[in-house]
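Top line first, the protein sequences correspond to chains A and B.
Counting along the first sequence from 1, when you hit position 324 you're at 324 in this note's numbering, and nothing is skipped either side.
Counting along the second sequence from 1, when you hit position 576 you're at 1050 in this note's numbering, and nothing is skipped either side.
We put the beta carbon where it would ideally sit given N, CA and C, even for glycine.
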Amino acid sequence: MSPQAVVDIDNTQTDPTQRAPLVLGDRDLAAVTEGVVQVLEAPKPPKIWYALFGVSLLFTSLLGICIGYLFVTGTGVWGLNNPVNWGWAIVNFVWWVGIGHAGTLISAILYLFRQKWRTGINRAAEAMTIFAVICAGTFPGIHVGRIWVVYYMFPIPNQMDMWPQFRSPLLWDVFAVNTYFTVSLLFWYMGLMPDLATVRDRATTRVRQLAYGLFSLGWRGSNRQWHRYERAYLILAALATPLVLSVHSVVSFDFAVSQVPGWHTTIFPPYFVAGAIFSGFAMVVTLLAPARALFNLRDFITMRHLENMNKVILLTGCMVGLAYGTEFFIAWYSGNEVEAFAFKARAFGHYGWAYWIMVSCNVISPQLFWIKWCRTNIFAMVVICIFVNIGMWFERFVIIITSLSADFTPAAWDYYSPTWVDIATYLGSLGLFMTLFLLFCRFLPMIAISEVKGVMPHDHGHDHGHAATEGVSA
Amino acid sequence: MPSLDVELERQTYWRSLNDLAETDEFRQFVENEFPSRAEELVDPLSRRRFLKVMGASLALAGLTGCDDLYPGFHWPKEKILPFTARPEGRHPGTAAFYATSYEESGVAQGVVVKSIDGRPIKIEGNVVHPSSGGAATAQAQASVLSLYDPDRSKGPAQLTEGKLEDKTWEEFLQDPRVSALKDGDGLYVLSATTSSKVLEHVRETRMGKYFKDHTWVDFDPLTRDNELVGLRAAFAKDLRPQYHFDRARIVVCLGDDPLHDHPNALIHARDFATGRRALGSSHDQHMNRLYVAEGELTLAGTLADHRLARPASQLPGLALELAKRLGLSAAEFAKHVGGDDEAAVQAALNDAGEPISLPGKLSEKLAEVKLSENRWLDAVAMDLRTHSGESLLTAGPRQPAELHTLVHMLNVALGNVGGTVSYVPAPSGVTSEKAIGDLLTAVKGKKVKGLLILGGNPAVTAREFGFDLGAITSSGAFTVHLSEARNETSNACHWHVPKAHYLESWDAVRSWGGAVSVVQPLIQPLFEGRTQAEFLALLCAQQQLAKVKQPSMVKSSKGYDLVREALKVKTGESSSETAWRRALHDGVWQLGTTGNEPVSVSLQQSAFTQPVDELARLSKAPLPSADKLEINLVPCSKLADGRHRNLGWLQELPEALTKLTWDNALLLSPRTCEELKIDDAKANLVKLSAGDKTLEVAVMALPGLPDFCGMLSLGYPGQDSNEDEVGVVAAGTGFDASLLRSDEARWLLTGVGLSKTGRHYKLATTQDHHAIATQIGRGEIERRVSGLHAGALAASHDHDGKGEHAHDGDADHEHDNMVPGGPWLYRETDLENYRTNPDFAAKFIGPSPAVTQLWESPVDYEDPKKYRWALSIDLNACTGCGACVVACQAENNIPVVGKSEVARGREMHWLRIDRYFRGDPRQEKNTGVDPSDLRVVHQPVPCMQCENAPCESVCPVAATVHSQEGLNDMVYNRCIGTRYCSNNCPYKVRRFNYFYNHYGPFHPRSKPLEDLPTFPKPPELTPQLGNIERMAMNPDVTVRTRGVMEKCSYCVQRIKEKTIPVKNKTVLDNQGKPVSERTLQRVKDGEIKTACQQTCPTQAIVFGDMNDPESEVSRRHAHPRTYEMLKELNARPRTRYMAKLRNPRGEA
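Here it is in structure tokens:
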């Protein structure tokens, strides 16, 4: 049976008597390996890859130029002003960190919850996480006024006998993001090792043998190694799980701990985490829906995967909507007039347009996922997910900019507008992200081969006698 | 008192200087100190000349004899050069203070100049001077910047082929046209009005001799000519009124702002504030009451208890009406007042009828209801009648002379003369208008052969009289312009010669009251400048030289000799050395004299009818309308007539009412804008046409102006101006309003047409950015700023109809101001309410957090052994003048950032003055609110130095930390610039260096003019500020780099300057024994003054130690009027405010 024929199987239907298959196309273990590594063993990537890569590289250099210009000239090249001391840089930072949430959530939390469908998407999602956190980490690094002394932020023993100031949420942020990045990277890399070894073993050129050989760290696939691997993977998953929740909570402390009306609210940690997962999943869908088509991975990243993610988006979208409502309720109910004004101004003030873009994209558009057609139609889901990402960017914009532009002292209120450098830097960060992702697609196995094999029916049939699953491939 | 300590003659001094001059250090020093001389040093051949120029040898000076002809060689050098042998007790880097005088429009202001290592860096008021009282105007303070202005002329220049070409003084003196001026036949001297005794002396003794036929023309566009003429009509004498606001209970200003727009404004403001101080207990408060009727919006108008906004053209009628209300018809007035018997006049006035019966109850606060013209007049008349002898009427400088006559007649009739007003002789009876008129007649009659223009910029400021300098120059008359920097006038003259800055000059000038004040140099002339007197004396000396042919016979034209000579002659005193040195020390000749003795005056009966008739005629002026606007041209409150336009500090100082920087704008009331369909936020450029003159100008809406009445400042060079003519900083700023003026209509233009251009011009304000002015924001501002009227306003502006607290409407707030809740930033009430609710300010506080302190503070601030610095700002005394902002800028090396950066919201001022309007001006039209009802408040906001500083806890690198004395210190070299502190500061007093602002990409000096677009250049591509400009920096304060946060430090350098010696002294006094903390000496209260406090004319700002219960600041902080801004945040600010009181007329 040709793979094309099997795609027609609707694995999004859940029949209690029949467990839907996670890998389609009637593949045996070898075929799984073949299906994944064909992407990176192909002599040349698809033409569109070159086009996308070229564009991404252009934008990456734009980022470099902008950062260089910023360093040489000063933070003033951005549109910041006196009340609005944080602008697009911090908006982008929070947005990217948020996007960087899906990967680790998929790999760690879903792993602990034994959600086997995660195996199809976890590798790409984790990679995306790492690239997003790289983009995110760039912004707080470059946004400081004196970049050349940015190391004051780190607890490095020094001749001044000075430590960072541990009461500052910005410092917590430094630790939170760094920890998250480190653990995510380790987790991702560890998961990659068996697959890198597979690629190494199949390599036909010296260069590939050396490169993949180097990074697979001598993986032989021995039982002992597998045993260690499984234990380590579990430990890392356990470590990463709280980080998923903590990192964006800490990011939200940057705002919640301050006393700026509109920032100073206790709802921020859970609200930010929900928003992060929301945007992270939306980004995974946005990337994987075209990627599975481009690299012929429909058998591994099936409609069921996409639908599951869309369901998560629907859930977290509702949570975010609830948070928006709660914020308004509390602003009114608390009797805090300054906060009440901050929220009134948010929705009806001079930045009202941004607020309503945010609400439309984040609360209204994911509601379409109640409709199954929307959840399972590639075009619809990509459009909605792009909307969600736009909305989540605006959420950060609304929180940061509107709150700062009009706080306690009306004489100091001012309007913020970005400069071309702000915009170009943001586009540049998208370029960097895409560049890294495209390189990943081309040179690393996008699907966790060994893990997918682990959830294939044969294994389970063997261990537990789930004969029902065998019927699917029939 | 350094000026008293210096020995006059020290022969050995010079020999050692010669030796020292060979060293690298000295050369380096000179290079830094006198950059214009630097190249001469490099060239060894001219070093000798340089040394000569520096006055290296007294002997040489004696030998050369005719040293006058050598530029720069006219100084008693021994006073100014740095010491070769350091006198005992003098430390390098320690500030020395010298008294001198700053003159503007012929009126001196006593100042004290702070000089560090021979570099004047800061101007402050002279406490003992009768025209300063310790305060200095923004302009006087900014004058130190003009000393170091790189646009100043570096030397003489000659007009060659339409351009000025650099020359030397010798070349100037050798110009045959100069020597052809002999005997002064056809020689006209057009001098910017000055009260210089020295100039007067030179005119009398030398000009009279060598240029005996010359004609002298005094011209200054800002002199108070109408007042002079009006007083002459009333009293048949040339007089200057002296106001004593401290004695006045009722002050009535007709189109006048004597507190700001007056040469003696500093003293007026101080005295006025004395009459409103309200610092004692709440029950025995006596406050003066200010009535202002005006066609503009002035700061006095914002301070008024009752303001009446009427077109300026209607003020004469109003004044007449007031005179009538006082119970005197014109005929009666003449009958009663005509005689000399003042008692009879007084009796007549008192008997002049029953007290006026007022329609309705005046108990309703007049300021808060629509105050019709009638009621305003009734209230004024009632108050004046019941306060005769304690009242004061003033008229503005731009009001017709007849109005001045009437006002002073009323002052006489009310018995105010001798009490609240007295008169001293005016220095001259010739008005500028008359003088320039005569000159122009001479020009027409081709009588002018030579025209020496001493200072000023008549090519622009006398333009409306038809003064066409270019035509005069090209007609063959020899024209010379002496001025500090080249301007439009210089460019139209045959020669431009550099004028010495007053900080480089010797002179003696007079204050408003006539006190003779000494001007002494703080530094060698940087660029070969000469004073007006020196310049004329030099010309005379040259004439003399031509006659006597023997240099040794030529009279000295040194400034120092001239001033000694002049004082000897002019003061009629024996100019003894002691008296002279005393005067140098005090800054005033014969300290204790306030100037001229008041002269007695008597009203001229004959002069009475004409003014009344004229006023009656004027009062028939038609009301302005949409197609016939009335435009008040006013001197800019910052740049005056444009003389200060090249000073970045003043250009960037937010204008007190509009908060505009770098531009002027046509101010129209919002209702007028609406009527004319001008959207000042989108397409504000309009074209004005007055007669045959037109001007394109940007409109800005300013509430409080009468309908169809505009206000436009003079002094801006306009969009087309170029750097060569007006200076780099001034180029391209504002709109040149002088283009609209004509001989007949100099100040008030009537029948002005306006057409829209549909284009927009970006104005840079530091507050109220147009884009943010949404309805919702405006409603919130009203609610937040003052709780007093929140209910009424909330009711009318609650557009979203929800979320507002249920205020019970107007009535409750009228008499019960204890509205709980809300971050009332600004607290004010009426005197009446204050008497019954003295602690109203504290009661405004909303629900405070139950837990006041989560953790114990690591520092016990209340430990009496420590200092606990604090600042109190009395909003009742603040007039919003802005002098403190410039003082802060000068003291703390605050950069000027340029217009586009201000427009971005990145101005760097550490101290800002928040200005709030009450009411929604855009609603005027619908609600029929009278513009008179406008209430404006001014609130200076420095750093609050919170004890629980929100900025500190969020800094990740501990760059902002608390000192033991409770100051919130900013550690610049630790700051990495995350800007989190500024986000978390509820007062938003922190300022971030987005660029290296001292030569930032948008600094006016950092860029060529045509390169204005918003494309910041990296620093290495940006021209940097020159050495000259850097000399203005205060060496005691760090010059911040880019990327760091900064803010008000309570002038910590001033604190340390006083506390460190006191601390050291304690240790020494105990003969090396360990000193117990109890014996620690403390700085006395009032010894440390922050820069803003030092210069505040009304002493609204007081700094001191809260741990000293006797200190002024402790007393103020304990006063019931004191409140903490945003107390509900529990930041525990050390800067606290004293609520404002108004004193509207209550029940009669």
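query: I believe residue 381 (chain A) touches residue 289 (chain A) by the beta-carbon criterion, under 8 Å. Please report the beta-carbon distance rounded to the nearest angstrom.; result: 7 Å
query: Taking the alpha-carbon positions, what's the residue 1173 (chain B) to residue 1152 (chain B) distance?; result: 8 Å
query: What residues from chain A crowd round residue 1025 (chain B), counting only those whose CB sits closer than 8 Å?; result: Going along chain A, no residue has its Cβ under 8 Å from residue 1025 (chain B), so there is no contact; the nearest lies around 58 Å.
query: Does the contact criterion of 3 or more C-beta pairs under 8 Å hold for the stretch 1131 to 1138 of chain B versus the stretch 1159 to 1178 of chain B?; result: yes
query: Whose C-alpha, out of B:1586, B:565, B:878, B:1371, is nearest the C-alpha of residue 591 (chain B)?; result: B:565
query: If we call anything under 9 Å between Cβ atoms a contact, is residue 333 (chain A) one with residue 346 (chain A)?; result: no
query: With a CB to CB cut of under 6 Å and the five nearest residues on each side skipped, what residues in its chain are close to residue 1603 (chain B)?; result: 1460
query: In angstroms, rounded to a whole number, what distance separates the CA positions of residue 1098 (chain B) and residue 1414 (chain B)?; result: 36 Å
query: Check the Cβ-Cβ distances between residue 1427 (chain B) and every residue of chain C, and say whether any is below 9 Å.; result: Absence of chain C from the displayed structure is noted, the protein chains being A and B.
query: Within 10 angstroms of the Cβ of residue 1611 (chain B), are there 16 or more other Cβ atoms? Answer buried if so, exposed if not.; result: buried
query: Can you give me the C-alpha to C-alpha distance between residue 58 (chain A) and residue 71 (chain A), rounded to a whole angstrom?; result: 20 Å
query: Counting only the same chain and skipping the five closest in sequence on each side, list residues whose C-beta sits under 7 Å from that of residue 56 (chain A).; result: 431, 434, 435, 438
query: Using the Cα positions of residue 741 (chain B) and residue 1002 (chain B), report the straight-line distance between them to the nearest angstrom.; result: 35 Å
query: Could you give the residue range of the alpha helix (DSSP H) that holds residue 283 (chain A)?; result: 268 to 294
query: Taking the CB atoms as reference points, tell me whether residue 584 (chain B) and residue 991 (chain B) lie closer together than 9 Å.; result: yes
query: So, with DSSP's three-state summary, where would you put residue 104 (chain A)?; result: helix
query: Quick test of your reading: residue 1062 (chain B) and residue 603 (chain B), contact by CB under 8 Å. State the CB separation rounded to the nearest angstrom.; result: 6 Å
query: List the residues of chain A whose Cβ lies closer than 8 Å to the Cβ of residue 1129 (chain B), in chain order.; result: What residue 1129 (chain B) touches in chain A: nothing, since even the nearest Cβ is about 14 Å away.
query: Can you name the residues of chain A whose CB is closer than 8 Å to the CB of residue 1603 (chain B)?; result: 259, 408
query: Verify whether the separation of the beta carbon atoms of residue 284 (chain A) and residue 446 (chain A) is less than 9 Å.; result: no
query: Can you tell me the Cα-Cα spacing of residue 928 (chain B) and residue 1030 (chain B), whole angstroms?; result: 20 Å
query: Among all the DSSP beta bridges, which residues are the ones paired with residue 693 (chain B)?; result: B:666
query: Going straight from the alpha carbon of residue 648 (chain B) to that of residue 692 (chain B), what length do you get?; result: 27 Å
query: According to DSSP, is residue 1104 (chain B) part of a helix, a strand, or is it coil?; result: strand
query: Helix, strand or coil: which one does DSSP assign to residue 587 (chain B)?; result: strand
query: Bridge partners for residue 1233 (chain B) per DSSP, in chain order?; result: The partner list for residue 1233 (chain B) (beta bridge, DSSP) is empty, contrary to what the question assumes.
query: Along chain B, which residues have their Cβ under 8 Å away from the Cβ of residue 475 (chain A)?; result: Chain A is shown only over 1 to 474; residue 475 (chain A) falls outside these bounds and no answer can be derived.
query: Using beta-carbon positions only, say whether residue 761 (chain B) and residue 767 (chain B) come within less than 9 Å of one another.; result: no
query: Quick one: is residue 1052 (chain B) buried, meaning 16 or more other Cβ sit within 10 Å of its Cβ, or exposed?; result: exposed
query: Should residue 1328 (chain B) be labelled buried (16 or more other beta-carbon atoms within 10 Å of its own) or exposed?; result: exposed
query: With 8 Å as the limit, tell me which residues of the stretch 376 to 406 of chain A have their beta carbon closer than that to any beta carbon of chain B; keep them in chain order.; result: 404, 405, 406
query: Taking the alpha helix (DSSP H) that residue 1366 (chain B) belongs to, which residues open and close that run?; result: It is not in any alpha helix (DSSP H) - residue 1366 (chain B) carries neither H nor E in the DSSP assignment.
query: Please look up how many angstroms separate the CB atoms of residue 789 (chain B) and residue 877 (chain B), rounded, as I've assumed it's under 8 Å.; result: 7 Å
query: For residue 1391 (chain B), decide whether its Cβ has a neighbour in chain A, counting only Cβ atoms nearer than 9 Å.; result: no
query: Have a look at residue 1409 (chain B) and residue 1580 (chain B) and give me their C-alpha separation to the nearest angstrom.; result: 33 Å
query: What residues in the stretch 320 to 346 of chain A have a beta carbon less than 7 Å from any beta carbon of chain B?; result: 332, 337, 338, 340, 341, 344, 345
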